[in-house]
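Visitor:
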Amino acid sequence: MSEEELERKRPNVSDADGTRISEAEQTEKRKEKRKRRLQKEAEKADKRGVCYLSRVPPHMNPLKLRQLLSQYGEIQRIYLTPEDPAAQVRRKKAGGFRGQEFSEGWVEFTDKKVAKRVAKMLNGEQIGGKKRSSFYYDLWNIKYLSKFKWDDLTEETAFKNAIREQKLALELSAAKRERDFYLSKVDQSKALSKIEERLKKKQKVELAPKVIRQYPQKKPVEGKNAGDDKGQLSRDILAGVFGGSS
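Here the sequence shown stands for residues 0 to 245, numbered as in numbering that gives the first Met the number 0.
1. Going along the chain, which residues of its own chain have a beta-carbon closer than 6 Å to the beta-carbon of Leu144, five neighbours each way excluded?
2. Are the segment 73–92 and the segment 135–142 touching by the rule of at least three beta carbon pairs closer than 8 Å?
3. Could you have a look at Thr109 and say whether DSSP puts it in helix, strand or coil?
4. Determine the closest residue to Val55 out of Glu31, Thr80 and Ser69, with distance taken between C-alpha atoms.
5. Quick one: residues in its chain with C-beta nearer than 8 Å to the C-beta of Ser192, no 5 flanking neighbours on either side, listed in chain order?
6. Between the alpha carbons of Asp262 and Gly128, how many angstroms are there, rounded?
7. For Glu100, does the three-state DSSP call read helix, strand or coil?
8. So the alpha helix (DSSP H) Gln125 belongs to, where does it begin and stop?
9. Counting beta carbon pairs with one atom in the segment 104–116 and one in the segment 66–83, are three or more of them shorter than 8 Å?
10. Are the Cβ atoms of Lys111 and Lys39 separated by less than 8 Å?
11. Ignoring anything shorter than 4 residues, give me the alpha helix (DSSP H) runs that lie fully in the segment 37–79, in order along the chain.
12. Output the distance between the C-alpha atoms of Arg33 and Ala85, rounded to the nearest integer angstrom.
13. How big is the Cα-Cα spacing for Ser245 and Gln213?
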């Protein structure tokens, strides 16, 4: 196939000024647009600021936190760390709040200057809001994280999750080893018990007393006429056998 035929089969794409461009040029332009978009996002991210909440009041959730802090500046993202599941189970068993609680959190403001001002202004102050809210009298524990970006948070969260999964795997492995060891000891104990039972039965058989059978015996005839009586008995027996008379 000639170059002219290949050229005719290429898609008919034109630039803004009507100039025909190839697929390679289109791909290059898309890459440049994506690069410019990423640069703009990076510039915006550099202008953002992150505040850290070392304590999240009870019954506080991301939606309520956004409502409280949005009045001080535009917020991009909020992340709250869920509490330990074991603590949640204990609280529910004790009859406490059955919803989701959080231990700490991060708030990303669009402008880092706003984030600095919010942290400086609110830290240690009463949360306030509606008096009916359960955290009305709680205090803000908020701090601005200098040179901290949201990507750092995602990396840290992923690292913590990996550490937690690794720790859980080790605990499960240790528990499995303990279970196998316990089961092996149980089987060994059962085998020893059976051996002891067999030995006890064998010892009982060996130590059993010998049975001596006793047969009744007629007492011998005594006296001076013993010989005459013996002869008389013999004649009586013979007479009974042969039908004779004495």
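Virtual Cβ for every residue (Gly too), placed ideally from N, Cα, C. Note that the coordinates shown come from a computational prediction; the quantities given were computed from them, not determined experimentally.
Guide: On the basis of the data shown:
1. Val49 and Tyr51
2. no
3. coil
4. Thr80
5. none
6. Nothing can be reported for residue 262, as the shown portion of the chain is limited to 0 through 245.
7. coil
8. Note, Gln125: premise wrong, no alpha helix (DSSP H); not H, not E.
9. yes
10. no
11. 61–68
12. 45 Å
13. Low local confidence applies: a pLDDT of 49 at Ser245 is under 50, so the model's placement there is unreliable, with the coordinate-based value given in what follows. Taking the straight line joining both Cα atoms gives about 36 Å.
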